[in-house]
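Remarks on the structure that follows.
Residue numbers (UniProt numbering): 1 to 214.
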């Protein structure tokens with residue numbers, strides 16, 4: 001070759017902030033060529049690595065999509081890779097209705113109280129004789145209130161008008177009872193009342209008695 005090329009390669013390590021430069025100086029027809037080359041190994045700028053990410057200790061709680069509370073957004077998103085649902089602590093979980101058994105109340109059957117039995121009415125039986133002058137053994141009879149009373153009226157054979165007697169009251173009327181005959185009346189003694197004897201033919205009053213209630 002007619003043109004002699006002298007290439008002088010000078011390797012110069014120039015450290016400027018940790019950067020390495022390879023400088024090639026060449027001479028071709030008295031022209032110098034400067035070609036820089038950048039090495040990554042000595043770069044002062046940090047690159048992303050797989051090492052853990054440091055977050056501040058600031059307490060600004062956020063609620064993650066997993067339902068957990070994180071102290072701040074960095075801890076949730078950077079350190080745990082959890083998306084934030086909303087700022088603030090997570091709401092407490094609402095218990096499922098299926099987890100709360102519903103008590104079943106069985107009503108006890110109502111037992112009706114036994115009614116108090118009413119007292120059995122007292123039954124009073126007696127015989128009263130009668131003539132034109134009165135009642136015997138007494139014209140006054142005393143019984144318990146609401147008693148069932150049965151009285152046998154007997155017309156005496158002596159000292160009586162031949163037509164007999166008729167016994168009357170608000171509770172009963174016997175009609176004619178001839179001398180020596182008898183008749184029974186029955187009533188409830190719920191109130192006091194008088195009773196009388198009459199001559200049935202002429203309707204003349206002969207004697208009066210009284211039913212007393214206590």
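Ideal Cβ positions, reconstructed from N, Cα and C, are used throughout, including at glycine.
Taking all protein chains shown into account, residue 76 has 16 or more neighbouring C-beta atoms within 10 Å of its C-beta and is therefore buried.
According to the DSSP assignment, residue 171 belongs to no beta strand (DSSP E), since it is labelled neither H nor E. Bridge pairing for residue 188: 148 [DSSP].
Residue 78 carries a helical assignment under DSSP once its states are collapsed to helix, strand and coil. Annotation for residue 144: 122, 124, 189, 213, 214 place their beta carbon closer than 8 angstroms to its own, counting only its chain and skipping 5 residues before and after. Taking a 10 Å sphere around the C-beta of residue 201, we find fewer than 16 other C-beta atoms and assign the residue as exposed.
For the pair residue 139 and residue 181, the CB atoms are not nearer than the 8 angstroms cut-off. Contact between residue 161 and residue 203 is absent: CB atoms are separated by about 12 angstroms, not below the 8 angstroms threshold.
By the Cβ rule, the region 106-115 does not count as touching the region 161-177, because fewer than three pairs are nearer than 8 angstroms. Following the DSSP letters along the chain, one finds residue 141 inside the beta strand (DSSP E) bounded by residues 140-143. In the DSSP assignment, residue 205 falls within the unbroken beta strand (DSSP E) covering 204-213. Here the C-alpha atom of residue 152 lies approximately 13 angstroms from the C-alpha atom of residue 168. Contact between residue 130 and residue 156 holds, with the beta-carbon distance rounding to 7 angstroms and staying under 8 angstroms.
Straight through space, the alpha carbons of residue 102 and residue 66 are spaced by roughly 30 angstroms. DSSP places residue 130 in the uninterrupted beta strand (DSSP E) bounded by 123-131.
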